[in-house]
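Protein chains: 2
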Amino acid sequence: YLRGKLTVRDVRFPTSLEQHGSDAMVALSLFMSHFPLPMHTDPDYSVAYVVIETDQGMQGYGLTFTVGRGTEIVVCAVEALSALVVGKSLEEIVSDFRGFYRLLTSDGQMRWIGPEKGVIQLATAAVLNAVWDLWARSEGKPLWKLLVEMDPRKLISCIDFRYITDALTEEEALGTSLDQMLKEGYPAYTTSCAWLGYSDQLLKQLCTDALNDGWTKFKVKVGADLKDDIRRCSLIRQMIGAHNTLMIDANQRWDVGEAITWVTRLAEYKPLWIEEPTSPDDILGHAAISKCHNRVMFKQFLQASALQFVQIDSCRLGSVNENLAVLLMAHKFKVPVCPHAGGVGLCELVQHLILFDYISVSASLDNRMCEFVDHLHQHFRSPVVIQNAHYMPPKDPGYSCEMLESSVQTHQYPQGQVWKKLQ
Amino acid sequence: YLRGKLTVRDVRFPTSLEQHGSDAMVALSLFMSHFPLPMHTDPDYSVAYVVIETDQGMQGYGLTFTVGRGTEIVVCAVEALSALVVGKSLEEIVSDFRGFYRLLTSDGQMRWIGPEKGVIQLATAAVLNAVWDLWARSEGKPLWKLLVEMDPRKLISCIDFRYITDALTEEEALGTSLDQMLKEGYPAYTTSCAWLGYSDQLLKQLCTDALNDGWTKFKVKVGADLKDDIRRCSLIRQMIGAHNTLMIDANQRWDVGEAITWVTRLAEYKPLWIEEPTSPDDILGHAAISKCHNRVMFKQFLQASALQFVQIDSCRLGSVNENLAVLLMAHKFKVPVCPHAGGVGLCELVQHLILFDYISVSASLDNRMCEFVDHLHQHFRSPVVIQNAHYMPPKDPGYSCEMLESSVQTHQYPQGQVWKKLQ
Chain A
2 YLRGKLTVRD VRFPTSLEQH GSDAMVALSL FMSHFPLPMH TDPDYSVAYV
52 VIETDQGMQG YGLTFTVGRG TEIVVCAVEA LSALVVGKSL EEIVSDFRGF
102 YRLLTSDGQM RWIGPEKGVI QLATAAVLNA VWDLWARSEG KPLWKLLVEM
152 DPRKLISCID FRYITDALTE EEALGTSLDQ MLKEGYPAYT TSCAWLGYSD
202 QLLKQLCTDA LNDGWTKFKV KVGADLKDDI RRCSLIRQMI GAHNTLMIDA
252 NQRWDVGEAI TWVTRLAEYK PLWIEEPTSP DDILGHAAIS KCHNRVMFKQ
302 FLQASALQFV QIDSCRLGSV NENLAVLLMA HKFKVPVCPH AGGVGLCELV
352 QHLILFDYIS VSASLDNRMC EFVDHLHQHF RSPVVIQNAH YMPPKDPGYS
402 CEMLESSVQT HQYPQGQVWK KLQ
Chain B
2 YLRGKLTVRD VRFPTSLEQH GSDAMVALSL FMSHFPLPMH TDPDYSVAYV
52 VIETDQGMQG YGLTFTVGRG TEIVVCAVEA LSALVVGKSL EEIVSDFRGF
102 YRLLTSDGQM RWIGPEKGVI QLATAAVLNA VWDLWARSEG KPLWKLLVEM
152 DPRKLISCID FRYITDALTE EEALGTSLDQ MLKEGYPAYT TSCAWLGYSD
202 QLLKQLCTDA LNDGWTKFKV KVGADLKDDI RRCSLIRQMI GAHNTLMIDA
252 NQRWDVGEAI TWVTRLAEYK PLWIEEPTSP DDILGHAAIS KCHNRVMFKQ
302 FLQASALQFV QIDSCRLGSV NENLAVLLMA HKFKVPVCPH AGGVGLCELV
352 QHLILFDYIS VSASLDNRMC EFVDHLHQHF RSPVVIQNAH YMPPKDPGYS
402 CEMLESSVQT HQYPQGQVWK KLQ
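As given, the protein sequences belong to chains A and B, one line each in that order. Sequential numbering of the first sequence, starting at 2, is according to the working numbering. Sequential numbering of the second sequence, starting at 2, is according to the working numbering.
Structural data, given as structure tokens:
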């Protein structure tokens, strides 16, 4: 049985003091207004970090990613959900994982403040990520291996098909082939080279280093200033050559009309995709790639043929359960999956999902790659291993969520040493 | 200046002990699963209740509606937003209300946990409802009158057009005519007669009473059991006759396929609309009427011709500001507005918006009516006045958000007298 203690902590890294992780979200605050800007316009990469413990003393680790202020709200939501977890055995949960998923997302009262979106969905992800981590550890396997070796019927029984049966039924999902093994890792792209706010000098240096390390696919953050974006895209395309791949990410900066103007101007640098051009809720705004907050949004983007790449997120969707639903829908609609990563721990988690997708679902690497940002991995017990621009399959049991206890304590907000110093 | 105290309280009414307010959300918890049901499957109607105070001692009252568990998360989110409000003067806020709106919804860090959806959007509504209440009080007018008499350019400057300019521009919005005055109140429909769980006996009695009070439009909650729904719809149609209006509300109970089957069977009772047949995120699921969580969702439903009635909500959208955007879009797309009300305080608030819509925007009552539920009004300082099934225009200054202090204290959760008794 899961002991009477699920703990959740507010862990923040003061990344706003550097220039890492800056994107158009920063620029969003610079709108025309006489209001003073908030104190920290830059993101402080953060997690709501969950540890659950069984009465045999086994632990499961989970997290969801946030960018600073508001993490305390997610922590509050995790505490509200914890009553639904504590006191149940792992066997009880995984023997009816669909039921348990729905217990968390469809609580008669709490679903009002979602449902399946925003704070409560992020909290659900953190809690269920810990449950999946615990499950994989209890089987002595890394999560991707647990998934790959799981009986297909068992796997399907983890997915909540509510609201998506018009796009994918349980029977169709079962038809998915489970085959093929992995040898050389999963292809990755890097977002570490071209954040907004980097100098051209730094940008050139990072590009050169990345090319030397074998990187062939690069993502650039855009959306603050068109002239600046043209200069930076031009520079990067020049650095990486015509044979390598460039993607751009606007982080919801534009209205639909603006997006069209902007993208038209940047088209000559041949980006493979344009990411989050407008509101994440705007299905008819025709995003080519989008981070959605639940399977229902993904379903519609797919049905509307409004995206050409599916960008899953290990911490914004309802954990592995909901990501499985999206992977299977993407397969049915023949759209490649290119996960969102970066953040804190997103690379560590999502590598498991994309390995499962390759081995058991898509069996293809065409137009498929997983984001990589070289940042904050040192705080994890089992950080990602990148070789020649590929994610190497993790070997340690679990979902790679566990952080170093020293890192958690130093960065806990607001009482950790790092934050005390900054006050 | 707004003083250093914005207070927010968790106020809950133990409605789950009665059968009021039950709908398919209850049934949602009864899915096939061996998990024990949560302790309270019925909603406890609740509010996150906000009071702001200026340094002249003037107060503004605001709230958002919730259904019990999770209210503490919304309270936590209001506390996080309060730093952006306290210390500003009312003049400063309303002289650039669009800027202030965006400050709240686009904070560089907090928007990650939304944006503009779920917990953080409910909290935004509560805070801004208090600001609008304060503004109206400071002008000595009820809110609807403040809106109706406001210079159109000023009004438009309260709206954030981000992400909706492809459907409605500022220039188009200004073209809206502001005319005509109101005499006999705004037509209402009642949802008080036919909640799930009422006996046929009680249902008949409530219908008879309502008909005697002049009601002509009735909404029925459905979605738990088809046979039961057929019996209840048949009974109510019999009671109200062919000339009166019947609507049905499924509260997101169905998948798209189920919705079609179910609605086909209930069609013979001639419902005017079917409300929330499937996930609120499912634009392509073709809802005829839907509660959306922000203006971007409403925009798409309108663009996709996927709804025939726009159902605004005073507490789920970003207060008056975002409701103005939706009212103007509905007008452009020629779709009638029929607000969602009921809950705690939703009737009190939304009457202001619908009066503004009639007087200044639509100038029409065709297919237009506002929900009414006769419940919990006694806890408000200026409760709604219903005459002959019409909302009579409120006369007291403000947004009708103020609750009786005794009601707040008795129902505060968990320390209020009502809740202490129940423990």
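Virtual Cβ for every residue (Gly too), placed ideally from N, Cα, C. This one's a predicted model, so the numbers in the text were calculated from it and none came from an experiment.
Decide if residue i is buried, meaning its Cβ has at least 16 other Cβ atoms within 10 Å, or exposed.
i, result
"A:R232", "exposed"
"A:P415", "exposed"
"A:Q202", "exposed"
"B:L405", "exposed"
"A:A268", "exposed"
"B:N213", "exposed"
"A:Y2", "exposed"
"A:E403", "buried"
"B:H412", "buried"
"B:H244", "exposed"
"A:D56", "exposed"
"B:L183", "With a pLDDT of 46 at B:L183, under the threshold of 50, the predicted position of this residue should be treated as unreliable, though the coordinate-derived value follows. Per the 10 Å Cβ criterion, exposed."
"A:M40", "Unreliable positioning characterises A:M40 in this predicted model, as indicated by a pLDDT of 31, which lies under 50. The coordinate reading is nonetheless provided below. It counts as exposed."
"A:D256", "buried"
"B:D226", "exposed"
"B:E117", "buried"
"A:A126", "buried"
"A:T209", "exposed"
Following the continuous beta strand (DSSP E) through residue i, name the residue where it begins and the one where it ends.
i, result
"B:Y62", "60-67"
"B:C371", "371-373"
"B:M248", "246-250"
"B:I387", "386-388"
"A:C194", "187-195"
"A:F219", "218-222"
"B:M393", "391-393"
Which first and last residues belong to the alpha helix (DSSP H) in which residue i is found?
i, result
"A:A137", "119-139"
"A:E349", "347-357"
"B:T279", "From DSSP, B:T279 is part of no alpha helix (DSSP H); its letter is neither H nor E."
"B:N213", "201-213"
"B:F302", "296-304"
"A:C234", "227-241"
"A:G258", "257-267"
On the DSSP bridge list, what partners appear for residue i?
i, result
"B:G100", "Beta-bridge pairing links B:G100 to no other residue."
"A:S47", "A:R13, A:T67"
"B:E150", "According to DSSP, which records beta bridges pairwise, B:E150 is partnered with nothing at all."
"B:Q413", "B:V12"
"A:P272", "A:L247"
"A:H341", "A:H341 pairs with nothing; no bridge assigned."
"A:I53", "A:L7, A:G61"
"A:G143", "The identity of residue 143 of chain A in the sequence shown is Pro, whereas the question assumes Gly. Beta-bridge pairing links A:P143 to A:G399."
"B:V336", "Paired residue(s): none; B:V336 is not in a bridge."
"B:M404", "B:F381"
Next on the checklist: Can you pull out the residues from the segment 146-178 of chain A whose beta carbon lies closer than 7 Å to at least one beta carbon of chain B?
Outcome noted: R163, Y164, T166, D167
Next on the checklist: Under 9 Å, CB to CB, which of the residues in the segment 104-126 of chain B have a partner in chain A?
Outcome noted: L104, S107, D108, G109, Q110, M111, R112, W113, I114, G115, P116, E117, K118, G119, V120, I121, Q122, L123, A124
Next on the checklist: With a threshold of 8 Å, are at least 3 pairs of Cβ atoms found where one atom belongs to the segment 82-98 of chain A and the other to the segment 62-74 of chain A?
Outcome noted: no
Next on the checklist: Beta carbons nearer than 7 Å to chain A: which residues of the segment 294-316 of chain B have them?
Outcome noted: N295, V297, M298, Q301, Q304, A305
Next on the checklist: With three or more C-beta pairs closer than 8 Å as the rule, is the segment 362-369 of chain B touching the segment 155-162 of chain B?
Outcome noted: no
Item to check | Cβ contact check for the segment 333-351 of chain B and the segment 373-383 of chain B: 3 or more pairs under 8 Å | outcome: yes
Item to check | Against chain B: residues of the segment 261-277 of chain A by CB proximity under 8 Å | outcome: none
Checklist entry - Just by C-beta distance, which residues in the segment 189-208 of chain B are closer than 8 Å to chain A? => result none
Next on the checklist: When you compare the segment 315-326 of chain A with the segment 330-346 of chain B, are there three or more beta-carbon pairs, one atom per stretch, that lie closer than 8 Å?
Outcome noted: no
Checklist entry - Should the segment 47-56 of chain A be called in touch with the segment 5-17 of chain A, which here means at least 3 C-beta pairs below 8 Å? => result yes
Checklist entry - Closer than 7 Å, Cβ to any Cβ of chain A: which residues of the segment 343-372 of chain B, in chain order? => result none
Checklist entry - Name the residues in the segment 69-81 of chain A whose C-beta lies less than 7 Å from a C-beta of chain B; which are they? => result G69, R70, G71, E73, I74, V75, C77, A78, A81
Item to check | Against chain A: residues of the segment 87-103 of chain B by CB proximity under 7 Å | outcome: D97, G100, F101, R103
Next on the checklist: Closer than 8 Å between beta carbons: that is the criterion. Which residues of the segment 234-264 of chain A meet it against chain B?
Outcome noted: Q253, D256, V257, G258
Checklist entry - Three or more C-beta pairs closer than 8 Å, one from the segment 298-311 of chain A and one from the segment 379-395 of chain A: is that the case here? => result no
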